[in-house]
Amino acid sequence: MYAYTPSVKIELVKTGPITAGGRMTGLVGTFTALDHGMDFQRYVISGNLEIKPRVPTCTVSTPTIAVGMGKVHVSAVADKGATNPARPLEIRLQCSGGDVGAHTRMFMTLSDAADPSNQSSTLSLSRSSTATGVGIQILRGDNTLVSFGPDSAVAGNPNQWQVGEFGNDQVSIPLKARYIPTGGKVGPGTANAAATFTMSYQ
Numbered sequence: 001m002y003a004y005t006p007s008v009k010i011e012l013v014k015t016g017p018i019t020a021g022g023r024m025t026g027l028v029g030t031f032t033a034l035d036h037g038m039d040f041q042r043y044v045i046s047g048n049l050e051i052k053p054r055v056p057t058c059t060v061s062t063p064t065i066a067v068g069m070g071k072v073h074v075s076a077v078a079d080k081g082a083t084n085p086a087r088p089l090e091i092r093l094q095c096s097g098g099d100v101g102a103h104t105r106m107f108m109t110l111s112d113a114a115d116p117s118n119q120s121s122t123l124s125l126s127r128s129s130t131a132t133g134v135g136i137q138i139l140r141g142d143n144t145l146v147s148f149g150p151d152s153a154v155a156g157n158p159n160q161w162q163v164g165e166f167g168n169d170q171v172s173i174p175l176k177a178r179y180i181p182t183g184g185k186v187g188p189g190t191a192n193a194a195a196t197f198t199m200s201y202q
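Residue 1 is where the sequence shown starts when you use UniProt numbering, and the numbers rise one by one after that.
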């Protein structure tokens with residue numbers, strides 16, 4: 001017979017980017033007598049251990065962005081095989097207030113201001129535009145074509161995509177815009193459009 005009073009310290013270890021809080025519960029470890037195949041002690045979290053990391057919050061630095069599309073000849077737009085020059089734009093945010101090593105998972109949805117139900121990859125022209133047979137495409141920095149979705153920050157919103165994971169830092173989201181034909185005859189005139197962006201942090 002002998003008395004054995006172990007001293008045990010349980011330490012939480014960061015194993016990857018911290019993007020959200022949560023709860024821990026249940027068995028976390030045991031002391032086992034290997035010769036007898038039995039547990040001396042079992043360590044269990046009773047109830048819920050709530051983890052509350054402070055993840056960064058972000059503020060948009062460029063709430064309104066104007067993109068000059070320039071003058072494009074009708075024939076350049078009408079030729080579906082031609083590559084119209086894409087004009088760069090950039091959405092910038094400032095993220096701060098997070099713990100060291102904590103990150104926020106940032107998602108984005110672009111919405112068609114003229115047609116909020118639009119889920120295609122063609123941005124509608126504004127009602128004041130006089131050109132016909134023309135639309136606008138938005139491309140991400142890697143040239144992936146953007147499809148539009150509802151103006152909502154809910155997780156899993158249609159055509160929402162993950163921008164990345166960011167800590168306390170300045171964030172730049174590069175995009176590009178270009179004219180494309182939408183079918184039918186391309187007619188000259190003004191061709192303006194507007195899109196809104198909705199950020200979601202998950």
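Quick reminder that beta carbons are idealized off the backbone N, C-alpha and C, glycines included.
In angstroms with no decimal places, state the Cα-to-Cα distance between residue i and residue j.
| i | j | result |
| --- | --- | --- |
| Thr64 | Gly183 | 30 Å |
| Arg87 | Leu12 | 48 Å |
| Thr196 | Thr25 | 42 Å |
| Pro56 | Thr198 | 17 Å |
| Arg92 | Ala76 | 31 Å |
| Gln162 | Lys71 | 33 Å |
| Ser7 | Gln160 | 49 Å |
| Val74 | Thr59 | 39 Å |
| Asn143 | Gly16 | 29 Å |
| Gly48 | Leu139 | At residue 48 the sequence reads Asn, which differs from the Gly that was named. Going from the Cα of Asn48 to the Cα of Leu139 covers about 44 Å. |
| Asp112 | Ser96 | 29 Å |
| Lys14 | Ile173 | 28 Å |
| Ile10 | Met69 | 59 Å |
What does a CB cutoff of less than 6 Å around residue i pick up in its chain, not counting 5 residues either side in sequence?
| i | result |
| --- | --- |
| Glu50 | Arg23 |
| Lys185 | Gly133 |
| Val67 | Arg87, Leu89, Ala177 |
| Asn192 | Ser126, Ser129 |
| Ala114 | Ser124, Ser126 |
| Ser200 | Phe107, Ala153 |
Given residue i, which residues of its chain have a CB within under 7 Å of its CB, disregarding the five upstream and five downstream residues?
| i | result |
| --- | --- |
| Pro53 | Ile18, Gly21, Asp99, Ala102 |
| Gln202 | Arg105, Phe107, Ala155 |
| Ser61 | Arg92, Leu93, Gln94 |
| Pro158 | Gln119, Gly149, Pro150 |
| Gly164 | Met106 |
Can you check DSSP and say which residues form a bridge with residue i?
| i | result |
| --- | --- |
| Asp112 | Ala195 |
| Gly22 | Ile51 |
| Gln94 | Thr59, Gln170 |
| Arg127 | Looking at the DSSP assignment, Arg127 forms no beta bridge with any residue, so it has no partner. |
| Phe107 | Gln162, Ser200 |
| Ala102 | Ile18 |
| Gln137 | Arg178 |
| Leu145 | Leu139 |
| Pro88 | Lys176 |
| Thr64 | Answer by DSSP bridge pairing: none, since Thr64 is not bridged. |
| Gly187 | Thr132 |
Quick one: measure Cβ to Cβ for residue i and residue j, integer angstroms, because I've assumed they're closer than 8 Å.
| i | j | result |
| --- | --- | --- |
| Gly189 | Ala131 | 4 Å |
| Leu125 | Gln137 | Leu125 to Gln137, Cβ: 12 Å. No contact. |
| Phe148 | Leu110 | 5 Å |
| Gly135 | Ile180 | 6 Å |
| Asp151 | Pro116 | 6 Å |
Within its chain, find whatever has a CB closer than 8 Å to the CB of residue i; leave out the 5 residues flanking it on each side and keep chain order.
| i | result |
| --- | --- |
| Asn84 | Val72, Ala76, Val77, Arg178, Tyr179, Ile180 |
> Is there contact here, the region 164 to 172 with the region 120 to 128, by at least three beta-carbon pairs under 8 Å?
Replying inline: Contact between the region 164 to 172 and the region 120 to 128 is absent: fewer than three C-beta pairs spanning the two stretches fall below 8 Å.
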